[in-house]
Structure formats: structure tokens, C-alpha cells
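Chemist: For what it's worth, numbering that gives the first Met the number 0 labels the leading residue of the sequence shown as 0, then goes sequentially.
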Amino acid sequence: MARATKNEDGSAPTRGVSKKAKKDPNRIKRSRSAYMIWLSEVRSTLTKPGMSVVEVAKEAGKLWNTLTDKTRWEKLAELDKERYNKEIAASKAQQP
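#1: Counting only the same chain and skipping the five closest in sequence on each side, list residues whose C-beta sits under 6 Å from that of Trp72.
#2: Between the alpha carbons of Val55 and Ser30, how many angstroms are there, rounded?
#3: Thinking C-alpha only, which one of Arg42, Leu75, Pro48 is nearest Gly60?
#4: With DSSP run on the structure shown, which of helix, strand or coil describes Thr67?
#5: Do the region 45 to 54 and the region 63 to 72 meet, that is, are 3 or more Cβ pairs less than 8 Å apart?
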């Protein structure tokens with residue numbers, strides 16, 4: 000079988016590339032986990048010149064797993080989850 004090289008109108012065939020949907024700038028941000036809150040606080044101290052993002056993430060993961068008292072960040076994560084749930088409920092109440 001021969002492969003199609005041109006469309007009926009003589010143009011080159013397209014590859015079915017779909018357009019990316021635009022993000023809603025007013026969308027509700029998801030709640031962050033305790034790990035993500037902790038990481039945002041300590042990332043600047045972990046990052047050294049020349050380290051890749053993967054290396055920083057691996058180092059952060061090791062430190063998080065050795066951390067014994069995570070209650071501070073777990074409380075913050077719980078508060079953020081409550082905020083998210085309230086915003087979702089308010090958003091659903093506004094929709095018809």
C-alpha cells in the first residue's frame with residue numbers, strides 16, 4: 000500500500016495535533032500536602048549551585064522520610080484542605 004503524501008486539495012497531510020485547552024486563571028488551586036508545604040520552606044536551603052531538580056527532589060525525599068515530627072506541616076495541610084473544600088463548595092453553590 001502506498002502512503003498518502005498529499006490531501007485531495009494538494010496540501011500536505013496534517014498530523015491531528017490538538018490545541019491545548021487554556022487554563023482558567025480563576026480556577027481554585029488544589030490543596031497542598033504536608034510534604035509540599037515543607038518542601039516550599041526548605042527548598043532554598045537544599046538547593047546548591049549545579050544541582051538538578053531531580054537531585055533536589057531526591058535529597059528532599061530522604062530528609063522528609065527521616066523527619067520524625069511532621070505535625071506542624073500536617074496541620075497546615077489540613078487547613079489548606081479545608082480551604083480548598085470550602086472554595087469548591089462555594090463554587091458549586093454558585094453554579095446553576
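For each residue, glycine too, the CB sits at the ideal point set by N, CA and C.
Modeler: Per the coordinate set shown:
#1: Ala33, Ile36, Trp37
#2: 22 Å
#3: Arg42
#4: coil
#5: no
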